[in-house]
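The C-terminal residue of the sequence shown carries number 915 in my numbering, and the numbering is unbroken.
One structure is given below, encoded as structure tokens.
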Amino acid sequence: MKNEKQEYFKVAVLVAISCVLQISESLIPNPIPGLKLGLANIITLIVLFRMGFKYALEIAIFRTVLSSFIMGTFLSPAFILSLSGAVGSTFVMGSLLWLSRNTVFKTGIIVISIIGALVHNIVQLYTAYGILLHHRGIFMFLPWLCTGSVIMGWLTGTVSQNVCRNLRDIEERKFYGSDDLTAQGMISSQIFYSSNSFLHRMKGELKLSGMFLIAVSILFFKKWLIIGFFYLLIISLIYFSGLSYRNILKKMYRYASLLIFSFLLPVFFNSGTHSLFYIASFNITFEGIETGLYFAGQISLLIMLSIVLGMTTSGEELTRSFAFFMSPLKYFGVSDKRISGILSISIILIPVFLEITGKIINTSAIKNVKSLRNFIPALSNVIEKVYLESERKRNYDFVQ
Numbered sequence: 516m517k518n519e520k521q522e523y524f525k526v527a528v529l530v531a532i533s534c535v536l537q538i539s540e541s542l543i544p545n546p547i548p549g550l551k552l553g554l555a556n557i558i559t560l561i562v563l564f565r566m567g568f569k570y571a572l573e574i575a576i577f578r579t580v581l582s583s584f585i586m587g588t589f590l591s592p593a594f595i596l597s598l599s600g601a602v603g604s605t606f607v608m609g610s611l612l613w614l615s616r617n618t619v620f621k622t623g624i625i626v627i628s629i630i631g632a633l634v635h636n637i638v639q640l641y642t643a644y645g646i647l648l649h650h651r652g653i654f655m656f657l658p659w660l661c662t663g664s665v666i667m668g669w670l671t672g673t674v675s676q677n678v679c680r681n682l683r684d685i686e687e688r689k690f691y692g693s694d695d696l697t698a699q700g701m702i703s704s705q706i707f708y709s710s711n712s713f714l715h716r717m718k719g720e721l722k723l724s725g726m727f728l729i730a731v732s733i734l735f736f737k738k739w740l741i742i743g744f745f746y747l748l749i750i751s752l753i754y755f756s757g758l759s760y761r762n763i764l765k766k767m768y769r770y771a772s773l774l775i776f777s778f779l780l781p782v783f784f785n786s787g788t789h790s791l792f793y794i795a796s797f798n799i800t801f802e803g804i805e806t807g808l809y810f811a812g813q814i815s816l817l818i819m820l821s822i823v824l825g826m827t828t829s830g831e832e833l834t835r836s837f838a839f840f841m842s843p844l845k846y847f848g849v850s851d852k853r854i855s856g857i858l859s860i861s862i863i864l865i866p867v868f869l870e871i872t873g874k875i876i877n878t879s880a881i882k883n884v885k886s887l888r889n890f891i892p893a894l895s896n897v898i899e900k901v902y903l904e905s906e907r908k909r910n911y912d913f914v915q
């Protein structure tokens with residue numbers, strides 16, 4: 516039992532670290548949707564090589580779920596794309612690692628990272644085409660995304676390789692961390708707004724079910740009447756829940772580039788019979804503008820839904836509700852108690868590692884780096900120290 520609890524805690528710590536890295540990266544301006552450094556993927560790579568595929572996949576899924584809730588994007592298009600990319604790339608990287616260790620096909624962590632980054636972006640692109648935009652013009656970005664994936668994959672692979680090498684060299688060394696880094700209390704969500712409204716009191720299972728039904732309705736029944744009805748419903752829920760329209764709009768502003776992109780893509784590349792005017796060689800049609808408005812409206816509605824969910828549901832409630840929906844997995848040998856336990860501990864540890872990571876960054880050389888040559892070892896040093904801190908806290912008697 517003790518070993519089982521330590522395993523839960525170890526995975527939960529790594530999930531928390533991955534969440535911290537993903538949340539931190541989300542604060543960096545991203546003018547090009549779909550192309551990011553992928554700091555959280557470094558942890559997935561390290562875990563894949565040190566602990567195995569099962570743990571890497573668990574951490575990839577759990578950190579996507581928790582990070583999306585904390586950032587207010589749970590079940591939004593951003594969440595769907597992030598989850599599909601994380602799962603797809605982890606499966607491919609795990610398969611490549613197995614082949615490398617069990618066959619004559621040999622490859623290293625950098626090559627696996629590059630291929631994983633390529634798969635991540637390709638899966639996201641096809642997911643966006645399949646359930647969101649439904650427009651072939653989106654594939655014009657494939658060459659650019661593939662080029663960016665090679666660069667970002669090489670960077671994260673190099674950092675992961677450095678960290679794995681250093682961890683092997685200092686496996687028995689005790690990490691210097693001190694106990695004063697431990698934070699108190701639990702974080703539920705960065706956007707949770709405490710209130711006693713009917714929506715706050717509603718069970719999380721009902722809210723998740725309702726959000727899923729709304730998402731399915733607007734994604735598969737493409738009618739302005741349906742999307743208009745759900746907009747009115749959400750506006751009413753916001754009003755009766757005592758939430759601030761201004762705060763919700765401020766949180767949606769961070770997705771402005773995604774919304775503009777989803778509008779302009781069909782405007783410039785959608786064919787139609789009712790031509791309005793030309794911009795250079797692009798024929799702007801009524802059908803293109805209508806499709807663009809619908810795509811942008813559909814995505815903004817899903818984003819608004821996820822924000823309202825985050826502002827009216829505590830972390831504990833969401834974790835319990837998520838475990839409830841995962842309970843059927845027990846018939847396939849997956850423990851719902853394990854899922855609930857890992858998510859619950861991870862939620863508590865996220866503020867701990869936010870503080871730890873902040874202190875490590877403040878005492879590292881990464882803040883003064885001015886070239887890529889110095890950035891890679893500096894980032895490797897930060898990731899290594901944070902990972903070692905997770906090793907130190909593994910034996911902490913957190914789970915009674």
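Yeah, the Cβ is synthetic: ideal placement off N, Cα and C, and Gly gets one too.
Residue i by DSSP, collapsed to three states: which one?
| i | result |
| --- | --- |
| Y902 | helix |
| L791 | strand |
| F797 | strand |
| V607 | helix |
| L590 | coil |
| M566 | coil |
| S861 | helix |
| F736 | coil |
| T671 | helix |
| I729 | helix |
| L640 | helix |
| L657 | helix |
| Y523 | helix |
| M826 | helix |
| H650 | coil |
| S842 | helix |
| Y708 | coil |
| V619 | coil |
| K722 | helix |
| N681 | helix |
In whole angstroms, give me the CA-to-CA distance for residue i and residue j.
| i | j | result |
| --- | --- | --- |
| F707 | T622 | 45 Å |
| R680 | F564 | 11 Å |
| F776 | L791 | 20 Å |
| M566 | N711 | 44 Å |
| Y570 | S539 | 22 Å |
| F577 | G609 | 17 Å |
| S704 | G825 | Low confidence applies to S704: its pLDDT is 47, below 50, so where it sits in the model is not reliable enough to give any reading. |
| I532 | S861 | 9 Å |
| S842 | W613 | 30 Å |
| I741 | I733 | 7 Å |
| G743 | I753 | 15 Å |
| F797 | F840 | 47 Å |
| L660 | I891 | 22 Å |
| I749 | Y793 | 37 Å |
| S829 | Y760 | 20 Å |
| A795 | M655 | 18 Å |
| I666 | I637 | 15 Å |
| Q676 | S615 | 16 Å |
| F735 | Y768 | 26 Å |
| M717 | S751 | 16 Å |
| F620 | L657 | 28 Å |
Only counting the same chain, and skipping five residues up and downstream in sequence, which positions put a Cβ closer than 7 Å to that of residue i?
| i | result |
| --- | --- |
| L774 | A811, I814 and S815 |
| F801 | G787, H789 and L791 |
| N785 | H650, T800, E802, G803 and T806 |
| V526 | Y570, E573, I574 and I857 |
| L529 | I558, V562, I574 and S905 |
Confirm, please, whether the CB-CB distance from residue j to residue i is below 8 Å.
| i | j | result |
| --- | --- | --- |
| T827 | L714 | yes |
| I624 | G672 | yes |
| I822 | Y523 | no |
| S628 | L682 | no |
| K598 | T579 | The residue you asked about is not Lys; residue 598 is Leu in the sequence shown. Yes, they are a contact pair. |
| S604 | Q537 | no |
| L808 | F778 | yes |
| F745 | I763 | no |
| L817 | S591 | yes |
| M726 | L596 | no |
| G668 | E832 | no |
Going along the chain, which residues of its own chain have a beta-carbon closer than 8 Å to the beta-carbon of residue i, five neighbours each way excluded?
| i | result |
| --- | --- |
| V678 | I557, I561, S895, I898, E899 and Y902 |
| V918 | Outside the shown range of the chain, which is 516 to 915, sits residue 918, and nothing can be said about it. |
| I653 | L640, A643, Y644 and L780 |
| D912 | Residue placement at D912 cannot be trusted, given a pLDDT of 42 that sits under 50; what the coordinates show is reported in the next sentence. Cβ neighbours of D912 beyond the five flanking positions: none. |
Let me check you understand the geometry: is the CB of residue i closer than 7 Å to at least one non-hydrogen atom of the ligand GTP?
| i | result |
| --- | --- |
| S759 | The ligand GTP is not part of the structure shown, which contains no ligands of any sort. |
Within a Cβ cutoff of 6 Å, which residues of the same chain sit near residue i, ignoring the five residues on either side of it in sequence?
| i | result |
| --- | --- |
| A601 | A575 and T579 |
| V782 | G803, I804 and G807 |
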